[in-house]
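Quick mapping for you: the protein sequence lines, in order, are chains A and B.
Here the first sequence is numbered in this note's numbering, starting from 1 and rising by one per residue.
Here the second sequence is numbered in this note's numbering, starting from 478 and rising by one per residue.
Ideal Cβ positions, reconstructed from N, Cα and C, are used throughout, including at glycine.
Predicted, not measured: the structure shown is a model, and the values here were computed from it.
First comes the structure, then the notes that go with it.
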Amino acid sequence: MAAEARVSDFGGKAHVALNDPKLRANFRRAMDGLMAKRAAQFDDPAEWTALRARGAAIRARALARLPDLLERLEANLTRNGITVHWAETPAEANAAVLGILRQAGAKRVIKGKSMVTEEIHLNAHLEANGITAVESDLGEYIIQLAGQAPSHIVMPCIHMNKVEIAELFADKIEGQTYTEDVDELCAAARKALRDRFADADAGISGVNFAVAETGTLVLIENEGNGRLSTTLPPLHIAVTGIEKVVERLDDVAPLLSLLPRSATGQIITTYVNMISSPRKAGEKDGPRQVHLVLLDNGRSRVYADVQLADTLRCIRCAACMNHCPVYTRVGGHTYTFTYPGPIGKILTPQLEGLDCAGDQPHASSLCGACAEVCPVQIPIPDLLARLRTEAVRPASPAVRGGGSGRSLADTLGWAGWTAMYSSPRLYGLSSRMMGLFGNLIPAWMPMLKQWTRVRTKPRFAGKSLHQIARERGFSND
Amino acid sequence: MTDPRERILSRLKSAPRRPLPDLPDWSPPAYGDQAMARFRAMLEAAHADVHEVSDAEWPERLRAILAGKGVRVVLFAPATAAGRRLARDWAGGEGPSLVAYDRPVEEMKPVLVHEAQAAVTEARGGIAQTGSLVLWPGADEPRLMSLLPPIHVAVVARSRIRDSLAETMAAEGWAGTMPTNAVLVSGPSKTADIEQTLAYGVHGPKELIVLVIGDAR
Numbered sequence: 001m002a003a004e005a006r007v008s009d010f011g012g013k014a015h016v017a018l019n020d021p022k023l024r025a026n027f028r029r030a031m032d033g034l035m036a037k038r039a040a041q042f043d044d045p046a047e048w049t050a051l052r053a054r055g056a057a058i059r060a061r062a063l064a065r066l067p068d069l070l071e072r073l074e075a076n077l078t079r080n081g082i083t084v085h086w087a088e089t090p091a092e093a094n095a096a097v098l099g100i101l102r103q104a105g106a107k108r109v110i111k112g113k114s115m116v117t118e119e120i121h122l123n124a125h126l127e128a129n130g131i132t133a134v135e136s137d138l139g140e141y142i143i144q145l146a147g148q149a150p151s152h153i154v155m156p157c158i159h160m161n162k163v164e165i166a167e168l169f170a171d172k173i174e175g176q177t178y179t180e181d182v183d184e185l186c187a188a189a190r191k192a193l194r195d196r197f198a199d200a201d202a203g204i205s206g207v208n209f210a211v212a213e214t215g216t217l218v219l220i221e222n223e224g225n226g227r228l229s230t231t232l233p234p235l236h237i238a239v240t241g242i243e244k245v246v247e248r249l250d251d252v253a254p255l256l257s258l259l260p261r262s263a264t265g266q267i268i269t270t271y272v273n274m275i276s277s278p279r280k281a282g283e284k285d286g287p288r289q290v291h292l293v294l295l296d297n298g299r300s301r302v303y304a305d306v307q308l309a310d311t312l313r314c315i316r317c318a319a320c321m322n323h324c325p326v327y328t329r330v331g332g333h334t335y336t337f338t339y340p341g342p343i344g345k346i347l348t349p350q351l352e353g354l355d356c357a358g359d360q361p362h363a364s365s366l367c368g369a370c371a372e373v374c375p376v377q378i379p380i381p382d383l384l385a386r387l388r389t390e391a392v393r394p395a396s397p398a399v400r401g402g403g404s405g406r407s408l409a410d411t412l413g414w415a416g417w418t419a420m421y422s423s424p425r426l427y428g429l430s431s432r433m434m435g436l437f438g439n440l441i442p443a444w445m446p447m448l449k450q451w452t453r454v455r456t457k458p459r460f461a462g463k464s465l466h467q468i469a470r471e472r473g474f475s476n477d
Numbered sequence: 478m479t480d481p482r483e484r485i486l487s488r489l490k491s492a493p494r495r496p497l498p499d500l501p502d503w504s505p506p507a508y509g510d511q512a513m514a515r516f517r518a519m520l521e522a523a524h525a526d527v528h529e530v531s532d533a534e535w536p537e538r539l540r541a542i543l544a545g546k547g548v549r550v551v552l553f554a555p556a557t558a559a560g561r562r563l564a565r566d567w568a569g570g571e572g573p574s575l576v577a578y579d580r581p582v583e584e585m586k587p588v589l590v591h592e593a594q595a596a597v598t599e600a601r602g603g604i605a606q607t608g609s610l611v612l613w614p615g616a617d618e619p620r621l622m623s624l625l626p627p628i629h630v631a632v633v634a635r636s637r638i639r640d641s642l643a644e645t646m647a648a649e650g651w652a653g654t655m656p657t658n659a660v661l662v663s664g665p666s667k668t669a670d671i672e673q674t675l676a677y678g679v680h681g682p683k684e685l686i687v688l689v690i691g692d693a694r
């Protein structure tokens with residue numbers, strides 16, 4: 001799977017998703033709930049404004065000094081006894097993780113939820129090399145059993161309802177009888193995973209914030225699986241994107257006050273887990289080795305473009321997708337790649353190239369709901385527009401596949417449009433032509449069909465506004 | 478320049494320098510004499526049980542609470558102040574029996590993973606804003622105590638409850654003294670992954686019992 005080149009097919013997949021009433025009901029219910037809970041958390045506009053300005057500045061300041069902070073982070077982690085690995089590509093990151101596991105003789109891995117490991121398709125790579133990786137976040141466990149990818153970056157199995165999950169558990173978990181009772185389903189997962197935790201040779205996790213000043217990895221979660229994955233096995237490997245660094249420990253408090261409230265409408269997650277070293281002498285538990293793999297995968301290329309680099313401020317709260325009228329209707333799988341919704345629409349084309357995800361910046365009405373709720377003020381609609389421009393008029397080497405969105409039909413069409421609108425004579429002539437012959441254009445014409453498939457073709461009036469005005473005695477002068 | 482570290486850093490360093498934005502003012506909330514009330518209300522909203530008890534009576538009170546839940550095996554940390562109190566006050570009486578977490582995890586897995594029904598830890602402090610316990614596990618009090626058994630009991634001094642995480646970190650100078658692992662615990666383990674329905678105890682403790690000891694600071 002890792003080596004498989006993927007190309008976005010938003011239009012085709014959206015059509016299928018839109019015609020799936022169960023999927024739409026699952027997303028509608030979930031998104032309505034998440035929006036209401038977030039709104040209740042930020043009911044004081046003054047507090048929201050001040051906190052968000054602080055959060056945005058913390059992330060922007062970290063990015064402004066990214067290379068220095070990464071070096072500082074590495075130095076402090078190393079001083080604390082945590083080994084740092086750098087990976088330019090998903091293949092290098094996968095190889096680094098596999099290398100660490102092999103050196104430790106690890107065969108069984110338990111995983112905490114991590115979108116970066118989804119981005120690099122780590123599980124498939126480990127599986128291909130004889131290492132079993134079991135997801136332990138309940139949502140991730142469910143989709144792993146179902147053989148699917150996450151459809152949301154915070155709630156991975158949000159596209160499934162409990163009937164589907166009940167059927168899946170009865171089918172895949174040994175000794176499990178069919179039940180739709182959520183407590184019983186959770187108990188079944190706890191039971192099935194408990195010994196996987198105890199037997200695991202290694203735990204793999206993501207990172208929410210990496211603190212340069214102290215060499216601390218901050219991980220947040222509600223279930224305790226993240227703490228178990230990073231505490232019980234003798235080896236812990238954390239994988240994160242290079243953009244997750246923050247400068248000071250003080251920066252963590254305001255960001256923690258933004259992230260869970262924006263994500264799930266919780267004032268804080270059940271657990272905030274701050275890891276600064278492996279097990280020290282005298283300590284009775286905790287991993288004996290801790291490693292951090294820093295993944296680039298295009299981020300340093302994006303960083304070269306000052307405007308697009310705002311994408312890297314993201315703290316992965318998912319508020320943008322929860323509030324997106326497009327995401328809510330089509331769900332996460334429509335986006336093909338790991339990161340769906342508005343953040344995915346700007347991040348994926350930059351990581352993968354406009355040539356394979358160039359349709360994503362167009363899957364938006366530019367309504368601006370995402371930018372309104374973003375806790376770190378990423379101007380997502382501006383970046384969508386910028387990427388649309390890059391797709392036809394490439395200006396920045398930071399974006400791969402720039403210019404790939406150009407087609408001869410588009411170029412000719414817009415050239416004709418420009419010519420028509422910049423010459424009064426040509427404009428007059430063509431509007432008269434349309435008045436006379438426009439209604440003869442059949443609805444099934446290639447470019448019209450996209451519109452007329454679900455709508456009635458509009459009728460041209462016999463006379464243009466200019467003609468009528470002139471007949472009534474108005475003059476252009 | 479063959480190593481990925483050099484390539485990544487050199488690309489980042491060759492990017493245009495950008496101005497360092499100002500850090501706008503922000504102050505975390507303060508609760509004054511309402512801090513304890515807020516701490517309690519937030520924890521209870523997160524499905525935790527909070528008991529305010531005196532230093533003299535908490536071990537007895539806890540024994541009654543746990544016995545009432547049918548708990549027989551309780552994990553404790555013999556080298557902490559709370560652990561010493563438990564060992565002394567529970568000696569010889571009726572009720573749950575104490576098992577010490579005093580050896581490396583590798584030697585204690587069956588007890589930790591399957592047998593212990595509850596564990597008692599100290600909390601270094603509390604945070605009113607979010608209803609959080611501050612845990613700094615270490616050599617005397619291992620990390621898994623607050624995580625593996627189905628019931629976690631935390632003992633916290635009322636005088637150690639502060640308004641916010643920001644205040645706690647600043648007042649206690651965390652940046653210079655970060656331990657192996659620092660944890661904030663704000664309720665029992667929970668999930669809403671199935672249809673956004675809350676369920677407790679999916680991997681960590683199903684119940685969190687907080688004993689707040691003593692008078693206000």
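- GLY428/A sits away from SER151/A, with the two beta carbons spaced by 8 Å or more.
- Contact between the stretch 343 to 361 of chain A and the stretch 383 to 397 of chain A is established, with three or more Cβ pairs separated by less than 8 Å.
- Annotation for GLY265/A: LEU34, LYS37, ARG38, ALA40, GLN41 place their beta carbon closer than 7 Å to its own, counting only its chain and skipping 5 residues before and after.
- Your pair LEU621/B and ASP285/A checks out as a contact, with CB atoms roughly 5 Å apart and the cut at 8 Å.
- Note on TYR677/B: 16 or more other CB atoms within 10 angstroms of its CB, so buried under the neighbour-count rule.
- Boundaries for TRP567/B: no beta strand (DSSP E) harbours it, and the DSSP string shows neither H nor E there.
- With a threshold of 8 Å between beta carbons, MET274/A makes contact with chain B.
- Following the DSSP letters along the chain, one finds LYS111/A inside the beta strand (DSSP E) bounded by residues 108 to 111.
- Where MET274/A is concerned, the enclosing beta strand (DSSP E) starts and stops at 271 to 275.
- Distance check between GLU167/A and each of PRO156/A, ALA188/A, CYS367/A places ALA188/A closest, using alpha-carbon atoms only.
- For the pair of segments examined, the stretch 298 to 310 of chain A was found not to touch the stretch 642 to 650 of chain B: the number of CB pairs separated by less than 8 Å stays below three.
- Straight-line spacing of the CA atoms in TYR335/A and GLY12/A works out to 11 Å.
- In this structure, the straight-line span from the alpha carbon of CYS317/A to that of LEU520/B is close to 23 Å.
- Under the DSSP assignment, ASN76/A falls in the alpha helix (DSSP H) whose first and last residues are 66 to 80.
- For VAL611/B, the secondary structure class from DSSP, reduced to helix, strand or coil, is strand.
- Looking at the DSSP output, PHE197/A bridges to nothing.
- Within the same chain, and ignoring the five residues on either side of LEU624/B in sequence, the residues whose Cβ sits closer than 6 Å to its Cβ are GLY681.
- Residues are counted here when their Cβ sits less than 9 Å from a Cβ of chain A; for the stretch 661 to 674 of chain B these are LEU661, VAL662, SER663, GLY664, PRO665, SER666, LYS667, THR668, ALA669, ASP670, ILE671, GLU672, GLN673, THR674, given in chain order.
- By the neighbour-count criterion, in which 16 or more other beta carbons inside 10 Å mark a residue as buried, THR269/A falls on the buried side.
- Checking the DSSP bridge columns, you'll see PHE553/B partnered with ALA577/B, VAL597/B.
- Separation of the CB atoms of GLY55/A and VAL306/A is rounded to 20 Å, and the pair is thereby denied contact status at 8 Å.
- Around PHE197/A, the same chain offers ILE110, LEU228, LEU232 as residues with beta carbons nearer than 6 Å, after the five sequence neighbours per side are excluded.
- Within chain B, no residue has its beta carbon less than 7 Å from that of GLY438/A; the closest one is some 50 Å off.
- Here DSSP, grouped into helix, strand and coil, assigns GLN289/A to strand.
- Between the alpha carbons of ALA281/A and PRO627/B lies a distance of about 28 Å.
- Sorting ALA95/A, LEU98/A, ASP137/A by C-alpha distance to the C-alpha of LYS113/A places ASP137/A at the top.
- Note that the stretch 63 to 78 of chain A touches the stretch 480 to 494 of chain B; at least 3 beta-carbon pairs, one per stretch, sit closer than 8 Å.
- Taking one beta carbon from each stretch, the stretch 506 to 526 of chain B and the stretch 599 to 611 of chain B have 3 or more pairs nearer than 8 Å; the two touch.
- When the beta-carbon positions are compared, VAL548/B and ALA595/B come within less than 8 Å of each other.
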